[in-house]
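Below is one structure, written out as structure tokens, with a few remarks after it.
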Amino acid sequence: MLRKDLIAIALLCIPSVLVAQNPCAEYHKFNCNRSADKRFSPNGQSKSAAVQVGQETELNIIIYRGQDYRISLCHDDKVLGADLAMRLVEKVRVPTGGTGADGRATYEESEKVLWDNTEHEMAQEVEFTSSSTKRIAVEIVAPGGAESLKVRDGKSFDIGCVGILIEHMPTPQMGF
Amino acid sequence: MAGSLLLLASCGGNSDAPTTTADERPELVIGDEVPTSASSLYQMPTPNELFVLVRDMAGEGHRKLLNPASNVDKYATLASRALNFGVYSTDLVYASYFKLNVEVARYYLTTKKLAEGLGLSSAFSDADFVRLESNLTRGDSLEVISNAAYLRAYEKLQSEDMGPTLSLVLAGGWVESMHLVVRQIEAFGESPALMARVAEQKVILEHLVALMEPHASAPEVAGVHKDLLAIRDIYDQVNMKRVPHRATNTSGRMVLGDDVEIDLTADKYAELVKAVDQLRARITQPEDRNNA
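Going down the list, the sequences are from chains A and B.
Here our numbering is used: position 120 in the first sequence is 120, and no number is missing along the way.
Here our numbering is used: position 187 in the second sequence is 1187, and no number is missing along the way.
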């Protein structure tokens, strides 16, 4: 039996009180494929989580200027569906133009979609160069797979593991 | 295979039960809802990401910049231990990246000692220390071992749901990273590239403050959270300009988003350094055990 299947079974079996310990915790370490480009190193911000079909989940990370990144997904496709929707959204703190009770300028968080895989044939990985240090949210939504439509003993199977593998390398200098 | 069968058997329920559609009665197997922590997760970059970027332009490392290892026994409260675990583990990574080999061994043991008081001892094994000692002349291996220890501690804090402690560890780590980069600039001399790295820590600080937000009202977190907000206020006064990326990308990959130009003036830099120094002094100040 594959490790992936074992995790899926474990997800279905554990009592809810144990969910906080996150049975998906190391999913990306064993299921996501590393880049064939050996210059990429695994990034410590990689993360796995239990994701529910239809519910947006976001992983907030930092990308540094002068680095190239590869972000790839792996997931339980029987439960979550063949392809996950993924967006890279930049979060920026911007002044509102107003002031607070203490007389100081107030700020709000603004979001800007930088990349959306629905415009790129649902690609499950993306590579890019970061020309400035940014706060990025990797937003994931699972459409649901064959298993998520089944209900047994009044219980549905619509939560599965998603791994987000982040790799990075210094932006290579090429050409003359 | 036997393990698989056991797992299957322990699921209970009737495997022959009819399969129906989700429309009829959706009830989740794993609790009634996905844990709220799963819908919005925050990860902080590990200290090595910053040190890799500054190493090549900042000359040699300096052991005098590190928090003295002899202070480790003087942190008595949980909050102080957590903050200084962040400080010492950042020092460990710094020492390994700047090839201060004797300090790597010293700070591994120091960090391990503090980890024991935080329930993180499994992140620092004796076997790793033996490996580390036998690799003291191979800088790259030291980086790998110290980073792995840092990551294990970080992941354990996350998996054990130790949010307030994790917040303090990351806050201590960020303050120490700033301290080390600023002191490197003083030792090596100012350069636009190094100053730009300090300026863009604005983004990392905003991220850290957002990560700490859910625990900001916890008594042990509130003080340092407030201090970080004060530093963020200084960063807020720094001019930032967003411009579309124009230069040719050397790697051939797409460039994500705009370029950001940050104009960190000498006055604002001095203000930032002062605020970071004051906060670090408070964090690393040894506690009087009798009053802790």
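Ideal Cβ positions, reconstructed from N, Cα and C, are used throughout, including at glycine.
Is the beta carbon of residue j closer than 7 Å to that of residue i?
{"i": "P1286/B", "j": "K1064/B", "result": "no"}
{"i": "V1221/B", "j": "R1242/B", "result": "no"}
{"i": "T106/A", "j": "D68/A", "result": "no"}
{"i": "I1204/B", "j": "M1240/B", "result": "no"}
{"i": "L1120/B", "j": "I1283/B", "result": "no"}
{"i": "E56/A", "j": "E139/A", "result": "yes"}
{"i": "E125/A", "j": "S72/A", "result": "yes"}
{"i": "T1046/B", "j": "G44/A", "result": "yes"}
{"i": "L1114/B", "j": "Y1154/B", "result": "no"}
{"i": "E1206/B", "j": "T133/A", "result": "no"}
{"i": "L1272/B", "j": "M1195/B", "result": "no"}
{"i": "C74/A", "j": "G163/A", "result": "yes"}
{"i": "A1079/B", "j": "L1151/B", "result": "no"}
{"i": "V1175/B", "j": "L1279/B", "result": "yes"}
{"i": "S131/A", "j": "H1245/B", "result": "yes"}
{"i": "Q173/A", "j": "T1248/B", "result": "no"}
{"i": "N60/A", "j": "A137/A", "result": "yes"}
{"i": "A1069/B", "j": "T1110/B", "result": "yes"}
{"i": "R87/A", "j": "V113/A", "result": "yes"}
By the DSSP assignment, the alpha helix (DSSP H) with residue i in it spans what residues?
{"i": "C1073/B", "result": "Reading off the sequence, residue 1073/B comes out as Asp, not Cys. Run containing D1073/B: none; DSSP gives neither H nor E here."}
{"i": "R1183/B", "result": "1163-1188"}
{"i": "Q1278/B", "result": "1266-1284"}
{"i": "E1133/B", "result": "1126-1134"}
{"i": "D1259/B", "result": "Run containing D1259/B: none in the alpha helix (DSSP H); it sits in the beta strand (DSSP E), 1259-1263."}
{"i": "K29/A", "result": "27-31"}
{"i": "D1233/B", "result": "1219-1236"}
Bridge partners of residue i, per DSSP?
{"i": "Q52/A", "result": "I159/A"}
{"i": "T1111/B", "result": "Looking at the DSSP assignment, T1111/B forms no beta bridge with any residue, so it has no partner."}
{"i": "P42/A", "result": "E167/A"}
{"i": "F1085/B", "result": "In DSSP, F1085/B forms no bridge with anything."}
{"i": "M1254/B", "result": "F128/A"}
{"i": "N47/A", "result": "The sequence as given places Lys at residue 47/A; Asn does not occur at that position. Bridge partners of K47/A: I164/A."}
Give me the residue from the options with the minimum Cα distance to residue i.
{"i": "D1128/B", "options": "A1115/B, T1137/B, S1146/B", "result": "S1146/B"}
{"i": "C32/A", "options": "L59/A, I140/A, D76/A", "result": "D76/A"}
{"i": "T96/A", "options": "A1193/B, D1227/B, D1236/B, S1089/B", "result": "D1236/B"}
{"i": "K970/B", "options": "Y1094/B, G1086/B, G1172/B, S1040/B", "result": "No statement about residue 970/B is possible, as the shown extent of chain B runs from 1001 to 1292 and does not include it."}
{"i": "N1067/B", "options": "S1177/B, L1050/B, G1059/B, Y1150/B", "result": "S1177/B"}
{"i": "E58/A", "options": "L1109/B, R1055/B, S1040/B, S1134/B", "result": "S1040/B"}
{"i": "M961/B", "options": "A82/A, W115/A, P23/A", "result": "What is shown of chain B runs 1001 to 1292, which leaves residue 961/B out entirely."}
{"i": "E1116/B", "options": "V1072/B, L1228/B, F1051/B, M1044/B", "result": "V1072/B"}
{"i": "L1136/B", "options": "P1219/B, A1187/B, V1102/B, E1060/B", "result": "V1102/B"}
{"i": "L1208/B", "options": "P1192/B, A1218/B, H1225/B", "result": "H1225/B"}
{"i": "Y1097/B", "options": "E1049/B, E1186/B, A1076/B", "result": "E1049/B"}
{"i": "V1093/B", "options": "G1059/B, L1180/B, R1232/B", "result": "L1180/B"}
{"i": "Q1043/B", "options": "A1210/B, E1060/B, A1123/B", "result": "A1210/B"}
{"i": "E1160/B", "options": "S1191/B, L1142/B, S1122/B", "result": "S1122/B"}
{"i": "L1228/B", "options": "D1277/B, A1266/B, A1193/B", "result": "D1277/B"}
{"i": "L1100/B", "options": "L1142/B, V1052/B, P1219/B", "result": "L1142/B"}
{"i": "A1266/B", "options": "G1061/B, E1190/B, M1162/B", "result": "E1190/B"}
{"i": "R1081/B", "options": "G1172/B, K1156/B, V1054/B", "result": "G1172/B"}
{"i": "A1230/B", "options": "A1218/B, P1219/B, K1202/B", "result": "K1202/B"}
Determine whether the Cβ of residue i lies closer than 7 Å to any Cβ atom of chain D.
{"i": "N117/A", "result": "In the structure shown, chain D cannot be found, because the protein chains are A and B."}
Span of the beta strand (DSSP E) holding residue i?
{"i": "P95/A", "result": "85-99"}
{"i": "N60/A", "result": "57-63"}
{"i": "Q67/A", "result": "67-75"}
{"i": "E1049/B", "result": "Per DSSP, E1049/B belongs to no beta strand (DSSP E); it is in the alpha helix (DSSP H), 1047-1055."}
{"i": "K134/A", "result": "134-141"}
{"i": "R1197/B", "result": "Note, R1197/B: premise wrong, no beta strand (DSSP E); alpha helix (DSSP H) at 1192-1199."}
{"i": "K1241/B", "result": "1239-1243"}
{"i": "S110/A", "result": "105-116"}
{"i": "L1041/B", "result": "1040-1042"}
If residue i and residue j are in contact, beta carbons under 8 Å, what's the gap, nearest whole angstrom?
{"i": "R70/A", "j": "F40/A", "result": "6 Å"}
{"i": "E90/A", "j": "G1223/B", "result": "Rounded, the Cβ-Cβ distance is 31 Å, inconsistent with contact."}
{"i": "V79/A", "j": "E147/A", "result": "5 Å"}
{"i": "Y1107/B", "j": "D1091/B", "result": "5 Å"}
{"i": "G144/A", "j": "A82/A", "result": "Going by Cβ atoms, the distance from G144/A to A82/A rounds to 10 Å, so no, they are not a contact pair."}
{"i": "D85/A", "j": "V51/A", "result": "Note that residue 85/A is Ala in the sequence shown, not Asp. Actually they do not touch by this definition, with Cβ atoms about 11 Å apart."}
{"i": "A1058/B", "j": "Q1184/B", "result": "4 Å"}
{"i": "R65/A", "j": "E167/A", "result": "Not a contact, Cβ separation roughly 17 Å."}
{"i": "A1105/B", "j": "E1133/B", "result": "6 Å"}
Within the present structure, is the beta-carbon of residue i separated from the nearest heavy atom of the ligand COA by less than 6 Å?
{"i": "E1190/B", "result": "Among the components modelled here there is no ligand, and therefore nothing to report on the ligand COA."}
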